[in-house]
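Asker: Position 255, counted from 1, in the sequence shown is what this note's numbering calls 256; the numbers after and before it change by one each time, with no gaps.
Ideal Cβ positions, reconstructed from N, Cα and C, are used throughout, including at glycine.
A quick note: this is a predicted structure, and the numbers were derived from the prediction, not measured.
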Amino acid sequence: MKTTLSIFSAFLFSILFSFGFFTSCSSSDDPLLEESPIVDPPPGDDDDDDDEDDPKPNPPAPWPYPKLISLWNHTVDLNITNVVKELNSNLVWTNDSPYAGQAWEKTHMYKCLQVPGIEYVFGKINRVAWGWTHKGSVEHARWVAGLAKEHAKIAGLYLNDFYDEIEEGYRTEDQWREIIAAAKEVNPNLHIWAPHYPHRNQGQHAFDFDIDGVIINLWGNKPEQLQDLENQIAASLERHPNRYVVGGLYLFSGTGANERWLTESEFKSILGHYVDLMNQDKLVGVRLFSAELFIERPEYITWAKEILERLEKPSDP
2 MKTTLSIFSA
12 FLFSILFSFG
22 FFTSCSSSDD
32 PLLEESPIVD
42 PPPGDDDDDD
52 DEDDPKPNPP
62 APWPYPKLIS
72 LWNHTVDLNI
82 TNVVKELNSN
92 LVWTNDSPYA
102 GQAWEKTHMY
112 KCLQVPGIEY
122 VFGKINRVAW
132 GWTHKGSVEH
142 ARWVAGLAKE
152 HAKIAGLYLN
162 DFYDEIEEGY
172 RTEDQWREII
182 AAAKEVNPNL
192 HIWAPHYPHR
202 NQGQHAFDFD
212 IDGVIINLWG
222 NKPEQLQDLE
232 NQIAASLERH
242 PNRYVVGGLY
252 LFSGTGANER
262 WLTESEFKSI
272 LGHYVDLMNQ
282 DKLVGVRLFS
292 AELFIERPEY
302 ITWAKEILER
312 LEKPSDP
(Lines of atoms letter the chains of each structure in order from A and count residues from 1; the text may use other names and numbers.)
(Lines give C-alpha, C1' and ligand atoms only; values in the text may rest on other atoms or scores of the structure.)
Protein backbone atom coordinates (compact mmCIF):
# COMPACT_ATOMS: atom_id res chain seq x y z
CA MET A 1 0.00 0.00 0.00
CA LYS A 2 2.79 2.36 0.94
CA THR A 3 4.49 1.53 -2.30
CA THR A 4 1.36 2.36 -4.28
CA LEU A 5 0.96 5.72 -2.48
CA SER A 6 4.60 6.56 -3.07
CA ILE A 7 4.27 5.90 -6.75
CA PHE A 8 1.07 7.98 -6.95
CA SER A 9 2.64 10.84 -4.99
CA ALA A 10 5.64 10.92 -7.26
CA PHE A 11 3.41 10.97 -10.34
CA LEU A 12 1.24 13.80 -8.93
CA PHE A 13 4.33 15.83 -7.96
CA SER A 14 5.74 15.56 -11.45
CA ILE A 15 2.48 16.83 -12.96
CA LEU A 16 2.28 19.80 -10.55
CA PHE A 17 5.95 20.67 -11.14
CA SER A 18 5.49 20.70 -14.89
CA PHE A 19 2.39 22.89 -14.65
CA GLY A 20 4.17 25.35 -12.35
CA PHE A 21 7.17 25.58 -14.68
CA PHE A 22 5.12 26.42 -17.74
CA THR A 23 2.87 28.89 -15.96
CA SER A 24 5.88 30.63 -14.47
CA CYS A 25 7.37 31.12 -17.96
CA SER A 26 4.18 32.66 -19.32
CA SER A 27 3.38 34.98 -16.41
CA SER A 28 6.72 36.66 -15.88
CA ASP A 29 6.79 40.38 -14.91
CA ASP A 30 9.11 41.05 -17.86
CA PRO A 31 7.21 42.38 -20.89
CA LEU A 32 6.70 40.04 -23.76
CA LEU A 33 8.76 40.70 -26.88
CA GLU A 34 6.29 41.66 -29.58
CA GLU A 35 6.67 42.84 -33.17
CA SER A 36 6.11 46.57 -33.63
CA PRO A 37 2.65 47.19 -35.04
CA ILE A 38 2.42 48.27 -38.68
CA VAL A 39 1.21 51.85 -38.80
CA ASP A 40 -0.09 53.34 -42.03
CA PRO A 41 1.66 56.60 -42.91
CA PRO A 42 -0.44 59.74 -42.67
CA PRO A 43 -2.02 60.89 -45.92
CA GLY A 44 0.48 62.57 -48.22
CA ASP A 45 3.46 61.32 -46.19
CA ASP A 46 4.42 58.37 -48.32
CA ASP A 47 7.71 57.62 -50.01
CA ASP A 48 6.39 58.51 -53.42
CA ASP A 49 8.73 60.94 -55.19
CA ASP A 50 5.97 62.44 -57.31
CA ASP A 51 6.02 65.66 -55.26
CA GLU A 52 9.60 66.30 -56.31
CA ASP A 53 8.47 66.37 -59.92
CA ASP A 54 5.75 68.90 -59.14
CA PRO A 55 7.35 71.57 -56.94
CA LYS A 56 5.01 74.16 -55.50
CA PRO A 57 6.29 77.74 -55.93
CA ASN A 58 6.68 79.77 -52.79
CA PRO A 59 4.64 82.96 -52.51
CA PRO A 60 6.74 86.11 -52.84
CA ALA A 61 7.91 88.01 -49.83
CA PRO A 62 5.85 91.11 -48.97
CA TRP A 63 6.26 93.81 -51.60
CA PRO A 64 9.26 95.85 -50.40
CA TYR A 65 8.43 99.11 -52.17
CA PRO A 66 5.58 101.63 -52.23
CA LYS A 67 2.73 100.97 -54.64
CA LEU A 68 4.07 101.85 -58.07
CA ILE A 69 2.78 104.63 -60.28
CA SER A 70 5.32 103.94 -62.95
CA LEU A 71 6.10 105.34 -66.38
CA TRP A 72 7.52 103.67 -69.45
CA ASN A 73 10.14 105.96 -70.99
CA HIS A 74 12.13 104.72 -73.97
CA THR A 75 13.16 108.17 -75.19
CA VAL A 76 16.45 108.75 -73.41
CA ASP A 77 16.68 112.52 -73.94
CA LEU A 78 13.04 113.24 -73.01
CA ASN A 79 12.36 115.69 -70.18
CA ILE A 80 9.81 113.83 -68.04
CA THR A 81 9.92 116.15 -65.01
CA ASN A 82 6.45 117.64 -65.45
CA VAL A 83 4.74 114.31 -66.19
CA VAL A 84 6.31 112.76 -63.10
CA LYS A 85 5.22 115.69 -60.97
CA GLU A 86 1.63 115.69 -62.28
CA LEU A 87 1.15 111.94 -61.86
CA ASN A 88 3.20 111.53 -58.67
CA SER A 89 5.15 108.82 -60.44
CA ASN A 90 7.79 106.99 -58.42
CA LEU A 91 9.42 104.55 -60.88
CA VAL A 92 10.62 104.63 -64.50
CA TRP A 93 11.08 101.66 -66.83
CA THR A 94 14.30 102.80 -68.52
CA ASN A 95 15.95 102.17 -71.86
CA ASP A 96 19.73 101.83 -71.70
CA SER A 97 21.79 100.59 -74.63
CA PRO A 98 23.55 97.22 -74.29
CA TYR A 99 26.41 97.40 -71.84
CA ALA A 100 29.63 98.53 -73.52
CA GLY A 101 31.61 99.87 -70.59
CA GLN A 102 29.49 102.98 -69.98
CA ALA A 103 29.76 104.64 -66.58
CA TRP A 104 26.81 104.59 -64.19
CA GLU A 105 26.47 108.38 -64.40
CA LYS A 106 26.01 108.12 -68.18
CA THR A 107 23.09 105.69 -68.01
CA HIS A 108 19.42 106.32 -68.57
CA MET A 109 18.77 104.73 -65.19
CA TYR A 110 20.93 107.34 -63.48
CA LYS A 111 19.34 110.20 -65.44
CA CYS A 112 15.81 109.15 -64.49
CA LEU A 113 16.76 108.91 -60.82
CA GLN A 114 17.72 112.60 -60.92
CA VAL A 115 14.10 113.54 -61.68
CA PRO A 116 12.36 114.80 -58.52
CA GLY A 117 9.87 112.21 -57.30
CA ILE A 118 11.47 109.20 -58.98
CA GLU A 119 12.57 106.81 -56.28
CA TYR A 120 13.27 103.67 -58.33
CA VAL A 121 14.07 102.43 -61.83
CA PHE A 122 13.93 99.17 -63.72
CA GLY A 123 16.71 98.23 -66.10
CA LYS A 124 15.83 96.46 -69.32
CA ILE A 125 16.97 93.71 -71.67
CA ASN A 126 15.67 94.73 -75.08
CA ARG A 127 14.74 92.71 -78.12
CA VAL A 128 16.98 90.76 -80.45
CA ALA A 129 14.41 91.77 -83.06
CA TRP A 130 15.62 95.34 -82.52
CA GLY A 131 19.34 94.65 -82.74
CA TRP A 132 20.40 93.21 -79.39
CA THR A 133 22.47 90.01 -79.32
CA HIS A 134 22.25 87.12 -76.92
CA LYS A 135 25.83 87.60 -75.76
CA GLY A 136 25.20 91.29 -75.23
CA SER A 137 22.04 90.51 -73.28
CA VAL A 138 23.88 88.19 -70.90
CA GLU A 139 26.58 90.80 -70.32
CA HIS A 140 23.96 93.51 -69.81
CA ALA A 141 22.08 91.35 -67.28
CA ARG A 142 25.27 90.85 -65.25
CA TRP A 143 26.04 94.56 -65.43
CA VAL A 144 22.59 95.70 -64.22
CA ALA A 145 22.62 93.07 -61.48
CA GLY A 146 26.00 94.34 -60.27
CA LEU A 147 24.85 97.97 -60.35
CA ALA A 148 21.78 97.04 -58.32
CA LYS A 149 24.03 95.79 -55.53
CA GLU A 150 25.62 99.25 -55.38
CA HIS A 151 22.48 101.28 -56.08
CA ALA A 152 19.41 100.05 -54.21
CA LYS A 153 17.11 102.23 -56.30
CA ILE A 154 17.50 99.80 -59.21
CA ALA A 155 14.45 97.75 -58.24
CA GLY A 156 14.30 95.27 -61.10
CA LEU A 157 15.35 94.06 -64.55
CA TYR A 158 12.71 93.84 -67.27
CA LEU A 159 12.89 91.27 -70.09
CA ASN A 160 11.16 93.08 -72.92
CA ASP A 161 8.57 91.20 -75.00
CA PHE A 162 9.60 87.95 -73.36
CA TYR A 163 7.40 85.36 -75.07
CA ASP A 164 7.12 87.41 -78.26
CA GLU A 165 10.84 86.89 -78.79
CA ILE A 166 10.39 83.13 -78.39
CA GLU A 167 7.29 82.90 -80.58
CA GLU A 168 8.93 84.92 -83.34
CA GLY A 169 12.12 82.85 -83.27
CA TYR A 170 14.51 85.50 -82.00
CA ARG A 171 15.33 83.77 -78.72
CA THR A 172 14.95 80.31 -77.23
CA GLU A 173 13.69 79.49 -73.75
CA ASP A 174 17.17 78.30 -72.85
CA GLN A 175 18.64 81.65 -73.85
CA TRP A 176 16.22 83.49 -71.60
CA ARG A 177 17.10 81.08 -68.79
CA GLU A 178 20.78 81.85 -69.33
CA ILE A 179 20.12 85.59 -69.12
CA ILE A 180 18.07 85.19 -65.93
CA ALA A 181 20.69 82.92 -64.37
CA ALA A 182 23.44 85.40 -65.21
CA ALA A 183 21.62 88.19 -63.37
CA LYS A 184 20.70 85.99 -60.41
CA GLU A 185 24.26 84.70 -60.08
CA VAL A 186 25.53 88.24 -59.60
CA ASN A 187 22.60 89.46 -57.51
CA PRO A 188 20.05 86.88 -56.30
CA ASN A 189 17.92 89.65 -54.78
CA LEU A 190 17.32 91.51 -58.03
CA HIS A 191 13.72 91.12 -59.16
CA ILE A 192 13.33 89.86 -62.73
CA TRP A 193 10.20 90.98 -64.60
CA ALA A 194 8.51 89.78 -67.79
CA PRO A 195 5.35 90.82 -69.66
CA HIS A 196 2.12 88.90 -70.13
CA TYR A 197 -0.05 90.08 -73.06
CA PRO A 198 -3.58 88.65 -72.67
CA HIS A 199 -4.65 89.72 -76.16
CA ARG A 200 -1.82 87.61 -77.59
CA ASN A 201 -3.05 84.53 -75.71
CA GLN A 202 0.12 84.34 -73.67
CA GLY A 203 -1.72 82.67 -70.82
CA GLN A 204 -1.16 79.44 -72.76
CA HIS A 205 2.54 79.51 -71.86
CA ALA A 206 4.07 77.86 -68.81
CA PHE A 207 5.95 80.92 -67.45
CA ASP A 208 8.16 78.34 -65.72
CA PHE A 209 11.12 80.69 -65.36
CA ASP A 210 12.87 82.16 -62.35
CA ILE A 211 11.06 85.47 -62.63
CA ASP A 212 9.71 87.47 -59.72
CA GLY A 213 7.20 89.80 -61.33
CA VAL A 214 4.85 90.03 -64.29
CA ILE A 215 3.27 93.02 -65.99
CA ILE A 216 -0.15 92.42 -67.55
CA ASN A 217 -0.12 94.54 -70.71
CA LEU A 218 -3.48 95.51 -72.19
CA TRP A 219 -3.60 96.87 -75.71
CA GLY A 220 -6.57 98.80 -77.00
CA ASN A 221 -5.79 99.21 -80.69
CA LYS A 222 -8.92 97.12 -81.34
CA PRO A 223 -11.93 98.10 -79.20
CA GLU A 224 -13.14 94.52 -78.99
CA GLN A 225 -9.96 93.64 -77.09
CA LEU A 226 -11.21 95.70 -74.17
CA GLN A 227 -14.80 94.46 -73.97
CA ASP A 228 -13.85 91.68 -71.57
CA LEU A 229 -10.96 93.44 -69.86
CA GLU A 230 -11.87 92.58 -66.25
CA ASN A 231 -12.06 88.88 -67.04
CA GLN A 232 -8.81 89.07 -69.02
CA ILE A 233 -7.07 90.66 -66.05
CA ALA A 234 -8.59 88.19 -63.57
CA ALA A 235 -7.47 85.23 -65.68
CA SER A 236 -3.97 86.70 -65.95
CA LEU A 237 -3.76 87.22 -62.20
CA GLU A 238 -4.79 83.61 -61.62
CA ARG A 239 -1.96 82.59 -63.92
CA HIS A 240 0.61 84.20 -61.59
CA PRO A 241 -0.54 83.58 -58.01
CA ASN A 242 2.99 83.57 -56.59
CA ARG A 243 4.48 86.60 -58.31
CA TYR A 244 4.28 90.36 -58.00
CA VAL A 245 1.99 91.79 -60.68
CA VAL A 246 1.75 95.26 -62.22
CA GLY A 247 -1.06 96.39 -64.52
CA GLY A 248 0.12 97.89 -67.80
CA LEU A 249 -1.91 100.48 -69.69
CA TYR A 250 -1.15 101.83 -73.20
CA LEU A 251 -2.49 105.23 -74.15
CA PHE A 252 -1.81 104.36 -77.77
CA SER A 253 -1.11 101.00 -79.37
CA GLY A 254 -0.92 99.22 -82.68
CA THR A 255 0.77 100.03 -85.96
CA GLY A 256 -0.37 101.30 -89.33
CA ALA A 257 -4.07 100.83 -89.97
CA ASN A 258 -4.48 99.18 -86.55
CA GLU A 259 -3.03 102.01 -84.45
CA ARG A 260 -5.39 103.77 -82.07
CA TRP A 261 -5.61 106.00 -79.00
CA LEU A 262 -7.78 104.95 -76.08
CA THR A 263 -10.95 106.94 -75.63
CA GLU A 264 -11.46 108.82 -72.39
CA SER A 265 -13.97 106.27 -71.10
CA GLU A 266 -11.70 103.34 -72.03
CA PHE A 267 -8.69 104.93 -70.36
CA LYS A 268 -10.55 105.73 -67.18
CA SER A 269 -12.18 102.30 -67.07
CA ILE A 270 -8.91 100.38 -67.35
CA LEU A 271 -6.94 102.62 -64.99
CA GLY A 272 -9.84 102.64 -62.54
CA HIS A 273 -9.94 98.85 -62.47
CA TYR A 274 -6.20 98.74 -61.88
CA VAL A 275 -6.52 101.20 -58.99
CA ASP A 276 -9.27 99.03 -57.46
CA LEU A 277 -6.96 96.00 -57.68
CA MET A 278 -4.11 97.97 -56.12
CA ASN A 279 -6.39 98.93 -53.23
CA GLN A 280 -7.18 95.22 -52.82
CA ASP A 281 -3.45 94.38 -52.84
CA LYS A 282 -3.87 92.26 -55.96
CA LEU A 283 -1.53 94.52 -57.92
CA VAL A 284 1.64 96.16 -56.63
CA GLY A 285 1.35 98.98 -59.11
CA VAL A 286 0.46 100.33 -62.52
CA ARG A 287 2.65 101.15 -65.51
CA LEU A 288 1.57 103.88 -67.89
CA PHE A 289 2.86 103.74 -71.46
CA SER A 290 4.32 106.18 -72.02
CA ALA A 291 5.83 109.43 -70.73
CA GLU A 292 6.20 110.66 -74.30
CA LEU A 293 2.53 110.04 -75.06
CA PHE A 294 1.42 112.01 -72.00
CA ILE A 295 3.44 114.95 -73.28
CA GLU A 296 1.87 114.60 -76.72
CA ARG A 297 -1.67 114.33 -75.34
CA PRO A 298 -1.79 116.16 -71.96
CA GLU A 299 -5.52 115.49 -71.56
CA TYR A 300 -4.53 111.98 -70.48
CA ILE A 301 -2.67 113.52 -67.54
CA THR A 302 -5.91 115.17 -66.41
CA TRP A 303 -7.83 111.90 -66.72
CA ALA A 304 -5.11 109.91 -64.95
CA LYS A 305 -4.96 112.34 -62.02
CA GLU A 306 -8.72 112.06 -61.57
CA ILE A 307 -8.58 108.25 -61.37
CA LEU A 308 -5.38 108.02 -59.31
CA GLU A 309 -7.07 110.11 -56.59
CA ARG A 310 -8.92 106.89 -55.73
CA LEU A 311 -5.68 105.14 -54.77
CA GLU A 312 -5.71 104.52 -51.04
CA LYS A 313 -2.84 106.06 -49.11
CA PRO A 314 -0.75 103.70 -46.95
CA SER A 315 -1.81 103.63 -43.31
CA ASP A 316 0.43 105.22 -40.73
CA PRO A 317 2.43 102.66 -38.72
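Can you tell me whether DSSP reads Y245 as helix, strand or coil?
Answerer: Note: Y245 maps to strand in three-state DSSP.
Asker: Beta-carbon separation of I308 and V276 under 8 angstroms?
Answerer: Yes, Cβ-Cβ distance for I308 and V276 is below 8 angstroms.
Asker: Taking Cβ to Cβ, would you say N280 is nearer than 8 angstroms to L238?
Answerer: Going by C-beta atoms, N280 is not nearer than 8 angstroms to L238.
Asker: How far does the alpha helix (DSSP H) with N280 in it reach, from first residue to last?
Answerer: Residues E265 to N280.
Asker: Could you tell me whether the Cβ atoms of H141 and I126 are closer together than 8 angstroms?
Answerer: Their beta carbons are under 8 angstroms apart, which means H141 touches I126 by this criterion.
Asker: Looking at the structure shown, is L88 part of a helix, part of a strand, or coil, going by DSSP?
Answerer: The answer is helix: DSSP assigns L88 an H, G or I state.
Asker: Please check if any C-beta of chain D sits within less than 8 angstroms of the C-beta of A236.
Answerer: Looking at the structure shown, chain D is missing, and only one protein chain is on hand.
Asker: Quick check on this structure: which residue in Y159, L272 and D165 has the alpha carbon closest to the alpha carbon of I181?
Answerer: Taking only the C-alpha atoms, the option nearest I181 is Y159.
Asker: Under the DSSP definition of a beta bridge, which residues are partnered with G286?
Answerer: DSSP lists L69 and V247 as partners of G286.
Asker: Check the DSSP bridge columns for K125 and list the partner residues they point to.
Answerer: According to DSSP, K125 bridges with Y159.
Asker: Looking at the structure shown, is G204 part of a helix, part of a strand, or coil, going by DSSP?
Answerer: Three-state DSSP puts G204 in a helix.
Asker: Please determine if the stretch 251-267 and the stretch 218-231 are in contact, where contact requires at least 3 C-beta pairs separated by less than 8 angstroms.
Answerer: Yes, the stretch 251-267 touches the stretch 218-231.
Asker: Would Y121 and L92 be called neighbours here (beta carbons separated by less than 8 angstroms)?
Answerer: Yes, they are a contact pair.
Asker: What's the call for D213, buried or exposed, on a 16-neighbour Cβ count within 10 Å?
Answerer: Buried.
Asker: To the nearest angstrom, how far is it from the Cα of E297 to the Cα of P61?
Answerer: Their Cα atoms are separated by approximately 37 angstroms.
Asker: If you draw a straight line from the C-alpha of F123 to the C-alpha of K107, how long is it?
Answerer: Answer to the nearest angstrom: the Cα atoms are 16 angstroms apart.
Asker: Can you tell me where the alpha helix (DSSP H) holding V187 begins and where it ends?
Answerer: It spans E174 to V187 - the alpha helix (DSSP H) in which V187 sits, taken as one unbroken run.
Asker: Mapping the DSSP letters down to three states, classify V116 as helix, strand or coil.
Answerer: Looking at V116 - three-state DSSP - the assignment turns out to be coil, as it is neither helix nor strand.
Asker: Please list the terminal residues of the continuous alpha helix (DSSP H) segment that includes V77.
Answerer: Neither: V77 is in no alpha helix (DSSP H) and is coded neither H nor E.
Asker: Given N174, which residues of its chain have a CB within under 7 angstroms of its CB, disregarding the five upstream and five downstream residues?
Answerer: The identity of residue 174 in the sequence shown is Glu, whereas the question assumes Asn. Contacts found: I167.
Asker: Does H197 come out as helix, strand or coil in the three-state DSSP assignment?
Answerer: H197 falls in the strand class under three-state DSSP.
Asker: Do the CB positions of I217 and G248 come within less than 8 angstroms of each other?
Answerer: Cβ distance < 8 angstroms, so I217 and G248 count as in contact.
Asker: Could you please give the first and the last residue of the uninterrupted beta strand (DSSP E) stretch that includes G147?
Answerer: Looking at the DSSP string, G147 is not in any beta strand (DSSP E); the run it does join, the alpha helix (DSSP H), is H135 to E151.
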